[in-house]
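**Q** Numbering (the working numbering), first residue to last: 2 to 114.
Built from N, CA and C at the ideal position, the CB exists for glycine as well.
None of these values were measured; they are calculated from a predicted model.
Below is one structure. I have some questions about it.
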C-alpha cells in the first residue's frame, strides 16, 4: 500500500522520517536491490513494476536490517507495522529515481500509456 498521510505522520512522530533522511544512501541501496529483484520476476511475466510489488521485497530486507532493528528497539517501537510503513516511506521518497528507466507501459492494443 502506498504511503498515506496518516502513516507518514506516525513515522514522523517516531523519528523515522529523520532516520531515513540521515541514512538515505543505505536505504536507497536496499530499495535499488528490492526494485531490481522485483523487476526481474515481474517483467519476466510481461507485467509492469508496481510500487507495492517492490514494497513487499523491501519489507523483507528491512526485517533483516540490523540498523533498522536497532532503531526500532532503541525507541521501543515493537509493532510489526513499522516495517511496511517504513518501506512505503522509502519508496515514496525514491520511486521517481528507481523507476526512471522503466519503459512506458503499453496497453493491450499496443498504445503507450
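Leaving out five residues on either side along the sequence, give the residues of the same chain with a beta carbon under 7 Å from the beta carbon of residue 4.
**A** Cβ within range, chain order: 89, 90, 93.
**Q** Would you mind working out which of 20, 9, 82, 2 sits nearest residue 75, comparing C-alpha positions?
**A** The option with the nearest alpha carbon to residue 75 is 20.
**Q** Applying the criterion that 16 or more other CB atoms from any shown protein chain within 10 Å of the CB defines a buried residue, is residue 52 buried or exposed?
**A** Residue 52 should be labelled buried.
**Q** How about residue 30 and residue 99: are their beta carbons less than 8 Å apart?
**A** In this structure, residue 99 does not lie closer than 8 Å to residue 30 by Cβ.
**Q** Is it the case that the Cβ atoms of residue 54 and residue 65 are separated by a distance below 8 Å?
**A** Not in contact: residue 54 and residue 65 (Cβ atoms no closer than 8 Å).
**Q** Can you list, in chain order, the residues of its chain whose CB lies under 6 Å from that of residue 16, leaving out five sequence neighbours each side?
**A** The answer is none, since no qualifying residue turns up.
**Q** For residue 62, collect the residues of the same chain with a Cβ closer than 8 Å to its Cβ; drop the 5 residues on either side in sequence, then sort them by chain order.
**A** Hits under 8 Å: 31, 34, 35.
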